[in-house]
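For reference, the structure discussed in these notes is given below.
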Amino acid sequence: MATTASQKTAQAKIEYDAFLAVCPSHQLLDRISHKWVALILAALGSGPDCVGEPRPMRYSQLSRLLAGVSQKMLTQTLRSLERDGLISRTVVPTVPVTVSYELTELGLSLHQMMRGLKIWAETHMDDVLTNRAMHDTSTA
Numbered sequence: 001m002a003t004t005a006s007q008k009t010a011q012a013k014i015e016y017d018a019f020l021a022v023c024p025s026h027q028l029l030d031r032i033s034h035k036w037v038a039l040i041l042a043a044l045g046s047g048p049d050c051v052g053e054p055r056p057m058r059y060s061q062l063s064r065l066l067a068g069v070s071q072k073m074l075t076q077t078l079r080s081l082e083r084d085g086l087i088s089r090t091v092v093p094t095v096p097v098t099v100s101y102e103l104t105e106l107g108l109s110l111h112q113m114m115r116g117l118k119i120w121a122e123t124h125m126d127d128v129l130t131n132r133a134m135h136d137t138s139t140a
């Protein structure tokens, strides 16, 4: 009996296991574990002050908020997030053209986790630095 496309898709979903070398989720995990992805998703989900409701942000707002990101890296990351369906890009024909980015429903479903990761890193950075120093001293 022939397998339909929807049956194949359903079977593939059952077989998604990130611990397996052939699982396509590796590509997605690689993408979302990138620092700029995490910070962009946290920013778009909470606005420039990273508190509050999700709202659209212009490229220039994101660029100012994400200290250290190059134009090339920001552009590449935004394009990849748009391709994956995590953000949408809206172009308004003004002079000059206005472009804004916002989370899609799929992006919103990932936002809380990424925001939590950002907050965890900020909260525990002193602990990590202390542990690194103790480790480096004991192994020297």
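Numbering (UniProt numbering), first residue to last: 1 to 140.
Heads up, the beta-carbon is just placed ideally off N, CA and C, and yes, glycines get one too.
Exposed or buried, what is TYR16 when buried is set at 16 or more other beta-carbons lying within 10 Å of its beta-carbon?
TYR16 should be labelled exposed.
Could you tell me the boundaries of the beta strand (DSSP E) in which VAL22 lies?
Note, VAL22: premise wrong, no beta strand (DSSP E); not H, not E.
Rounded to a whole number of angstroms, what is the C-alpha to C-alpha distance between ASP136 and PRO96?
Rounded to whole angstroms, ASP136 to PRO96 spans 52 Å at the Cα level.
If you measure between the beta carbons of LEU106 and LEU86, is that distance less than 8 Å?
Yes, the Cβ-Cβ distance between LEU106 and LEU86 is below 8 Å.
The alpha helix (DSSP H) with LEU37 in it runs from where to where?
What sits at residue 37 in the sequence shown is Val, not Leu. Note, VAL37: alpha helix (DSSP H), 35 to 46.
To which residues does DSSP link GLU102 through a beta bridge?
According to DSSP, which records beta bridges pairwise, GLU102 is partnered with SER88.
Does at least one heavy atom of the ligand MG sit under 7 Å from the Cβ of LEU39?
In the structure on display, the ligand MG does not appear, and there are no ligands present to speak of.
Under a Cβ-count criterion, where at least 16 other Cβ atoms within 10 Å of its own Cβ denotes burial, should THR77 be classed as buried or exposed?
THR77 should be labelled buried.
Identify which residue in THR94, SER25, ARG64 and PRO54 has its Cα closest to the Cα of ARG115.
Residue PRO54 is the option with its Cα nearest to ARG115.
Report yes if the CB atom of MET57 is closer than 8 Å to the CB atom of ALA67, and no otherwise.
Not a contact, by the Cβ cut-off of 8 Å.
Whose C-beta lies closer than 8 Å to the C-beta of ALA18 among residues of the same chain, with five residues either side of it excluded?
Counting only Cβ-Cβ distances below 8 Å, and skipping sequence neighbours, we find SER25, HIS26 and LEU29.
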